[in-house]
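Top to bottom, those sequences are chains A, B, C and D.
Numbers 151 to 487, taken from the working numbering, label the letters of the first sequence in order.
Numbers 151 to 487, taken from the working numbering, label the letters of the second sequence in order.
Numbers 151 to 487, taken from the working numbering, label the letters of the third sequence in order.
Numbers 151 to 487, taken from the working numbering, label the letters of the fourth sequence in order.
Structure record follows, encoded as structure tokens.
There are 4 protein chains.
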Amino acid sequence: MIIQLQPDSSEAQKSAIVSKAKELGYKISETRTQKGHYLIGIGKTDFDIRQIASLPGIADIHRVSDDYKLVSGKWKVKPTTLDLGDGVHIGQDDFSIMLGPCSIEGEEQISRTIRHLKDNGIRIMRGGVFKPRSSPYSFRGMGISGLQLWHQLAQEAGIKIITEVMQVSQIEEMYPYVDVFQVGARNTQNFNLLDELGKVDKPVMIKRGISGTIDELLYSAEYVFSAGNEKLILCERGIRTYEPSSRNTLDLNAVPILKEKTHLPVVVDPSHGIGIRHLVEPMALAAVMAGADGVIVEVHERPELASSDGQQTLDHQQSSQMIDRLRQTYQLRRQFV
Amino acid sequence: MIIQLQPDSSEAQKSAIVSKAKELGYKISETRTQKGHYLIGIGKTDFDIRQIASLPGIADIHRVSDDYKLVSGKWKVKPTTLDLGDGVHIGQDDFSIMLGPCSIEGEEQISRTIRHLKDNGIRIMRGGVFKPRSSPYSFRGMGISGLQLWHQLAQEAGIKIITEVMQVSQIEEMYPYVDVFQVGARNTQNFNLLDELGKVDKPVMIKRGISGTIDELLYSAEYVFSAGNEKLILCERGIRTYEPSSRNTLDLNAVPILKEKTHLPVVVDPSHGIGIRHLVEPMALAAVMAGADGVIVEVHERPELASSDGQQTLDHQQSSQMIDRLRQTYQLRRQFV
Amino acid sequence: MIIQLQPDSSEAQKSAIVSKAKELGYKISETRTQKGHYLIGIGKTDFDIRQIASLPGIADIHRVSDDYKLVSGKWKVKPTTLDLGDGVHIGQDDFSIMLGPCSIEGEEQISRTIRHLKDNGIRIMRGGVFKPRSSPYSFRGMGISGLQLWHQLAQEAGIKIITEVMQVSQIEEMYPYVDVFQVGARNTQNFNLLDELGKVDKPVMIKRGISGTIDELLYSAEYVFSAGNEKLILCERGIRTYEPSSRNTLDLNAVPILKEKTHLPVVVDPSHGIGIRHLVEPMALAAVMAGADGVIVEVHERPELASSDGQQTLDHQQSSQMIDRLRQTYQLRRQFV
Amino acid sequence: MIIQLQPDSSEAQKSAIVSKAKELGYKISETRTQKGHYLIGIGKTDFDIRQIASLPGIADIHRVSDDYKLVSGKWKVKPTTLDLGDGVHIGQDDFSIMLGPCSIEGEEQISRTIRHLKDNGIRIMRGGVFKPRSSPYSFRGMGISGLQLWHQLAQEAGIKIITEVMQVSQIEEMYPYVDVFQVGARNTQNFNLLDELGKVDKPVMIKRGISGTIDELLYSAEYVFSAGNEKLILCERGIRTYEPSSRNTLDLNAVPILKEKTHLPVVVDPSHGIGIRHLVEPMALAAVMAGADGVIVEVHERPELASSDGQQTLDHQQSSQMIDRLRQTYQLRRQFV
């Protein structure tokens, strides 16, 4: 059960609602986000919803049978749209293409990537400055100074930044330079990180765990939302299976399933999803037809020189062709709704 | 190594070629199909190919480094097209839509399905008469009499039949009534069945195993080809993973990977691939963009009454919409090549 | 519901029982095995079991809520023991060690293996004469002549033979020379093969599918049992997962789970289960402690020369040490019951 | 390459070694742990090791071809033993049994558990005070006050504490009350947490990721070791597969494989590994035979009242029986070495 409170509801009204809900056998959590003030009721008792709905201070009330509540599509039927400012949106009625290198490497690389984005009308740039690496001896990214440099160049060009945050202590230092925080596949169930990102007023994109279920991804989003941040994006990036021909098994089934379960935008990462450069494009196009709200793709002017993930990174020519085809495919899909 | 013999090559010429190949360290298998006469050389020695190529009786010779040979895209660069007669083709420059019920149930059901196909310009009908079932107590299909009835009605309507063969002893009795033999996911590595289907002069569609690798699917096709039957189709139908939200995990990565590894046509089964009726369409459209040569989809006039798989079966209205969108999507994809 | 008929029950009595069961909403299958005569009722209606139990001709009646019936541990609480003759048993109160090469290669190899078995008091020899191979170009075994040779040598030595049958047409020719038919992991759901093995009066060992579930293995056994053959053994041999360090992931959880779900003996194949020669022994010992009724292990006098699976095959010295430790471990486990 | 420096080596000596290694094409990391001072060389060049070995300041030098270095069994052949004080050891020549509830619930529960441990001669108690939960609305544990209470009672009884740390900020507050820090399966690749635990002078037990590979577990241990903490334990706790009959698939193959790849102690968690109370014991015994150095098992005086994981928790009677059998089984295994 989700109870939306009126913006001007009083403490006394809230207490009365909480008391009534507890009396009916519900455990209540309170959530205040950028957009609303909610009481979440966890319980199984069946009761006449009017017993609560008639109390003063309530804007709306919804039954949600899913175990996750705030991210469920059952109470918020209209898909969520995120506004990144300067006319950049993610979600409904917009197909988001996010491009950039695996790792941020330096000024020239950033500038050339930004030029490629601008040439193709792309507004969101991806890139890593803190890199999670299996081995402690691998390159771990340029860190905060790389992000600052990147931010300066991107801002001048009107480009938004999405980049991975790996730990709670990075949130504050990254905050001024980031437009979307990305939670990586190894941190999907790093609950403390999710809790802290719930206190931030910037969008968060959560990648599905390396072998995470679709429901676990929704629960992880529920962590952020219930801690106060509604600005969420989900990302399918392939799961770990026994198949050795591809880096991961891109689970495009997850796209229509998520679009049905949740009101949040769903983005696909075909670069990690298949892991083979010249096969990224068909999987990106397939993602459009599966119903994705966007894709996030690794590109680099010279993939063979990239400091990481070169084998799955498009060069600028491949990228331009993919962008053009993505737009045509999205135009066709829009006619199908 | 694949040595294509000239149609009029003599036994003496063949013997000389085999001797030379053995001398060079190769194990030789001979294959005679509907279309060609081949010697397959298995070995690792590096040698000047002209030592063999210059022998009389040879039409062409190809090095193939893959462990599968005849199905490899390395020697036959042009994609294979299958001709089912009456203007029905599978493969390059044609997008094949195969529709029909999970199980053939009786005359009325067959007739109504055929009418639906004709109304939509579809030429190939799927359906099961021998059903593999986990439990011995489940319905195992109408058997050969069902197939005969179906064949009579389909032939009158100019519709081709694809249906599953489960064992060697069924091949002969099914032969007169079948246009494409289907090998199911539980029989992908039933090597005796594959061997016997190699002796048949009708196309064979092999489904990927329930947790089969892409390479195992290619090896299974190699069994049929090397036993004499070149008329092959491969089918991605979802693999078994830990994810409980869908029946299987449709591995669309397999489509561009297979299209690169082999010259054979690749078809996708989104019905088994996701297992949820109203999400079959987006996955079918995604399959087109991933590069598939066709789809095979379960439809039934009244899915809720179907004797099996009703939860993943489209009704005729859903099917008509999907067909229309598949064609539009395919038209777009053709422009991308 | 399983209805055990009295040995001398009449046709009229059976008809009356079937009518009554149908009247109560049950679908009835009849099974006559080497040991009993059963009516299997499939249905969900709840009724007073005495309505049937009181009819003449019934020896016993059991409710079984599992979807598999005859292999369920719910009606036959005492574990099943198989008698191979000459004092060789599989099941309760006996730990079965089955040893031998992956492939039967010839007289000398057979003789040396038999000597190794006799030196260690082992009574059952494994070996393949029909080999399922992913590639059609690999060695497919010595075939029936190899089996005849093996049988002659084994019989003289009082050794029993377990070997894989791959297709229906092999059953009859193999029958005189085989003590236990093995169904391989690629054929676990080859339902026609299972049906035919149900008509045979020799034990059948079914391996779990390459990515088969525990319940699917039980259903496959139900196929054989319901077709008339009660003499069944189940074998855990490792499942396919994403882990690359071992050939398969040996699922020893399956052992206590199967021992609880079924009355049939459960054997473990640590050779395929881990696939690394010097680690086979600890996994075999672990299988004992997990509750297995036996192990089946690949041994060869000179594993490095074996025609297949050499990397997971023990030499005779390693085998003798393992046998000794298996027996000590089993002695300890017996004290725990 | 691992270069062990002499305890009294000078800065100048170290610089000379580093220079020489770089000159030979190696990237050098420096690690100072509780027990040693190491230079780790990452590179592929082949060179005469004596070129470095002869430099002053070096105690020993080892080639390690694995990508992980310090945790590899290739340089430290003798298994590592951890000393928890008061005569409690983990590793070689000791089988560690760690018992306790899933969650710490309060004084009475702690006291009764401690009594059970003392009655059975067990020295290490497990329990969670910070609980990672998929849903934000589930019980998240008693927190630091629960740990303080537990520590007080455990210390009086001479019992050591192992408990999960979920985030960097908890390390300092937990430090005084913990004997072994546990890193849970969702945090195996939380690299920042691993880095910070590398600065702590207390043992760390790392659980394998939910679908982590064996090598990823070793890399995670390498993070801690290379950041300065040699006191490490690895824990196999089951992996995620498609099999629904058990909570996880306990991968006992991982035990002998890890014992071969690393010098670190390996512990098994059969409670999470199978997830079914009355089947925990056979899997614990199997773990002993597979070569484990210990087990960690959930026990509770009244499992049906436990605040979490009750279905996989042993009661005290089951626990006492398991302990007795574990010891007998370990005694037998010791004779096999």
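Every residue, glycine too, gets a C-beta built ideally from N, C-alpha and C.
How many Å lie between residue i and residue j at the Cα?
i	j	result
isoleucine 321 (chain C)	leucine 347 (chain C)	8 Å
isoleucine 178 (chain A)	lysine 172 (chain A)	7 Å
arginine 390 (chain B)	alanine 335 (chain B)	11 Å
valine 333 (chain C)	proline 282 (chain C)	11 Å
glycine 388 (chain B)	leucine 368 (chain B)	16 Å
threonine 479 (chain A)	arginine 477 (chain B)	13 Å
glutamine 467 (chain A)	glycine 235 (chain A)	29 Å
glutamate 393 (chain D)	isoleucine 364 (chain C)	7 Å
alanine 440 (chain B)	methionine 433 (chain A)	6 Å
leucine 205 (chain C)	leucine 174 (chain C)	14 Å
Would you mind telling me which residues of chain A sit closer than 7 Å to residue i, beta carbon to beta carbon, in chain order?
i	result
tyrosine 188 (chain D)	Per Cβ cutoff of 7 Å: no residues; tyrosine 188 (chain D) is ~13 Å from chain A at best.
With which residues is residue i paired in a DSSP beta bridge?
i	result
tyrosine 188 (chain D)	D:Gln154 and D:Thr181
aspartate 401 (chain D)	According to DSSP, aspartate 401 (chain D) bridges with nothing at all.
lysine 357 (chain B)	B:Cys385
methionine 324 (chain D)	Beta-bridge pairing links methionine 324 (chain D) to no other residue.
histidine 239 (chain B)	B:Asp233
If the cut is a Cβ gap below 9 Å, which residues of chain D does residue i touch?
i	result
serine 376 (chain A)	Pro286 and Tyr287
Just to make sure I have the definition right: I need the residues of chain B whose C-beta is within less than 8 Å of the C-beta of residue i. Which are they?
i	result
methionine 439 (chain A)	Pro432, Leu435, Ala436, Val438, Met439 and Thr479
Interface residues of chain C around residue i at Cβ under 8 Å?
i	result
aspartate 465 (chain D)	Chain C residues near aspartate 465 (chain D): none, gap ~18 Å exceeds 8 Å.
arginine 390 (chain A)	Tyr392
Can you pull the chain C neighbours of residue i, defined as C-beta to C-beta under 9 Å?
i	result
isoleucine 360 (chain B)	Gln339, Gly359, Ile360, Ser361 and Gly362
aspartate 217 (chain B)	Ser284, Ser285 and Tyr287
aspartate 365 (chain D)	Pro394 and Ser395
Taking 6 Å as the limit between beta carbons, can you name the residues of its chain near residue i, skipping five residues before and five after?
i	result
threonine 263 (chain C)	Gly250
arginine 276 (chain C)	Met248, Gly250, Ile312 and Ile446
glutamine 156 (chain A)	Gly207 and Ala209
serine 421 (chain B)	Val430, Val447, Glu448 and Gln462
valine 238 (chain A)	Arg273 and Lys310
List, in order along the chain, the chain A residues whose C-beta lies closer than 9 Å to that of residue i?
i	result
asparagine 342 (chain B)	Residues of chain A passing the Cβ test: none, with the nearest at roughly 25 Å.
serine 319 (chain D)	Val318, Ser319 and Asn342
arginine 387 (chain D)	Here the premise fails: no neighbours, minimum Cβ distance about 14 Å.
Find the residues of chain D that neighbour residue i, judging by a C-beta separation of less than 8 Å, and give them in chain order.
i	result
methionine 316 (chain A)	Phe341 and Asn342
isoleucine 192 (chain A)	Tyr287
Kindly list the residues whose CB is nearer than 7 Å to the CB of residue i, restricted to its own chain and excluding five residues on each side of it in sequence; keep chain order.
i	result
valine 214 (chain D)	Met151, Ile152, Ser222, Lys224 and Trp225
aspartate 345 (chain C)	Tyr373 and Ala377
serine 457 (chain C)	Ser253, Glu255 and Phe289
serine 470 (chain A)	Asn270
alanine 437 (chain A)	Leu402, Val405, Val418, Pro420 and Val445
So with CB distances below 8 Å, who are the chain A contacts of residue i?
i	result
tyrosine 373 (chain D)	Pro286
What residues of chain C sit near residue i, judged by a beta carbon separation below 7 Å?
i	result
tyrosine 369 (chain B)	Ser284 and Ser285
Applying a beta-carbon distance threshold of less than 9 Å, which residues of chain B neighbour residue i?
i	result
serine 179 (chain C)	Pro286 and Tyr287
So which residues on chain D does residue i lean against when the C-beta distance must stay under 7 Å?
i	result
serine 261 (chain A)	Per Cβ cutoff of 7 Å: no residues; serine 261 (chain A) is ~28 Å from chain D at best.
Here's a check: name, in chain order, each residue in its chain whose Cβ is nearer than 8 Å to the Cβ of residue i, leaving out the five neighbours to either side.
i	result
valine 350 (chain B)	Ile321, Tyr325, Phe331 and Asn379
glutamine 339 (chain C)	Gly359, Gly362, Glu366 and Ser370
serine 261 (chain A)	Leu303
### Query
Three or more C-beta pairs closer than 8 Å, one from the segment 319-330 of chain B and one from the segment 293-304 of chain C: is that the case here?
no
### Query
Does the segment 286-296 of chain D touch the segment 307-320 of chain A, meaning 3 or more C-beta pairs lie closer than 8 Å?
no
### Query
Are the segment 387-406 of chain D and the segment 392-405 of chain C touching by the rule of at least three beta carbon pairs closer than 8 Å?
yes
### Task
Give a yes or no on contact between the segment 157-175 of chain A and the segment 357-370 of chain A, applying the rule of three or more CB pairs nearer than 8 Å.
no
### At least three beta-carbon pairs within less than 8 Å, the segment 406-419 of chain C to the segment 434-450 of chain C
yes
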